[in-house]
Amino acid sequence: MQAQPVVFDNISALMERVGLPSPLHPLVTLVNYDENKPCLADAGSQYLLHFYKIAFKLRFNGKARYGPGSYDFHDGGLAFVGPNQIVELSYDLEEHEGYALYFHPDLFFKHSLASRIHGYGFFSYSVQEALFLSEKEKYVIQSVFESIATELKTQTDNFSLNVLVSQIELLLHHCNRFYNRQFLTRNVMHHDLIDQMNAFLMERFERKDALVSGLPTPQEIAERLKVSQRYLSDMLKSLTGMTAQQHIHLKMIEKAKEMFGSDSLTTADVAYALGFEHPQSFNKLFKQKTGLSPAAFRKLLNPN
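Reading the sequence shown from the start, the letters are residues -4 to 299 in my numbering.
Written as structure tokens, this is what we have:
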């Protein structure tokens, strides 16, 4: 039986546990692994953190453990862990390379970032979805990390908190930009995912037990494609301008139009066949998406 993860409510307790220097600020710390290596007495143990972690690896090639899986790095990159997620302390000292930034949500409790940080989807991505960086991008990220390090060593004044929060938000903006670039440059892989998604949706809408299984959901698609739901949504939005839910509706409408070509099927038959429990819900969605009621659309197909 696997041991329960060790829970850390604050950054200081984690630093003490792994033998790293105490934070210069109670709510944020930046670990430079070139200067400090963690104690590996807990190697293999799982930690549940109540704060954020961004790992920045400059040169590491290989797999680094985070939670139940691993990030696959190629010449460095960024990995993200949100609050209440699990990380695992690796046995491999080489994995502890680059930087690790830890910051607690209380840091920006009175800042607008407190509400906006949930919009940065990469904290919800699964472990396979690291951000790979070009050399130019590494330089940009390293510059921000070094600015944070400098600020943490600066004597605290009335501006310190705002400066730290601004620097972290700048880092998050860069990460958003670089993830968007990754979505676009890894076009072949992502279009293959879109093809797989479309095939899955068509398969679902062809099923005879659709009323039992119901309408497909973004979560089902993500599980089939083996990506996180947030990554799927962000990737689709970047490449197609539509969310996963909008893609589901698009394929459903396409299938409904095809079925309306059959005189033997009533509108209710079509609704049930597509997984709707109530035909009225189907009618409303069809009109919302096409501008026509099912009856009006069928009349277009058969004007006589």
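For each residue, glycine too, the CB sits at the ideal point set by N, CA and C.
Source: prediction; values computed, not measured.
CA-to-CA, the gap between S288 and Y174 works out to about 40 angstroms.
Contact between F127 and G93 fails: their C-beta atoms lie close to 14 angstroms from each other, not under 8 angstroms.
Its Cα nearest to that of L166, the residue E141 stands out among H273, G270 and E141. The beta carbon of A239 lies closer than 7 angstroms to those of P213, I216, L227, S228 and L231 in the same chain, with the five residues before and after it left out.
The alpha helix (DSSP H) runs lying completely inside the region 116 to 153 and spanning 4 residues or more are 130 to 148, given in chain order. Only residues of its own chain outside the window of five on either side were considered, and among them L25 and I49 have a CB closer than 6 angstroms to the CB of L96, listed in chain order. Less than 9 angstroms divides the Cβ of V23 from the Cβ of L147. In this structure, I6 sits near P18, with a CB-CB distance shorter than 9 angstroms. Here Y28 has H91, E92, G93, Y94 and A95 as same chain residues with Cβ atoms under 8 angstroms from its own Cβ, once five neighbours each way along the sequence are excluded.
By a beta-carbon distance limit of 8 angstroms, N278 contacts T262. Their separation comes to about 7 angstroms. Between the beta-carbon of L44 and that of F75 there is about 12 angstroms, and that puts the pair past the 8 angstroms contact cut. Annotated as distal: F118 and I163, with beta-carbon spacing of 9 angstroms or more. Nearest C-alpha to N79 among V160, R199 and Y47: Y47. For Q214, the three-state secondary structure derived from DSSP is helix. In terms of Cβ geometry, N171 and Y115 form a close pair [threshold 9 angstroms]. Put simply, the backbone Cα of K221 is about 25 angstroms away from that of S129. Taking the CA atoms as reference points, V160 sits about 21 angstroms from L9.
Using a Cβ distance threshold of 9 angstroms, L188 and I243 do not count as a contacting pair. L22 carries a coil assignment under DSSP once its states are collapsed to helix, strand and coil. For K252, the secondary structure class from DSSP, reduced to helix, strand or coil, is helix.
A36 counts as exposed, since fewer than 16 other beta carbons sit within 10 angstroms of its beta carbon. Judged by DSSP in its simplified three-state form, L227 adopts helix.
For V2, the beta-bridge partners assigned by DSSP are L43. Of the candidates R293, L108 and L245, R293 places its Cα closest to the Cα of S257. For the pair K246 and F200, the CB atoms are nearer than the 9 angstroms cut-off. With contacts defined as CB atoms closer than 9 angstroms, L53 and Q177 fail to qualify as a contacting pair.
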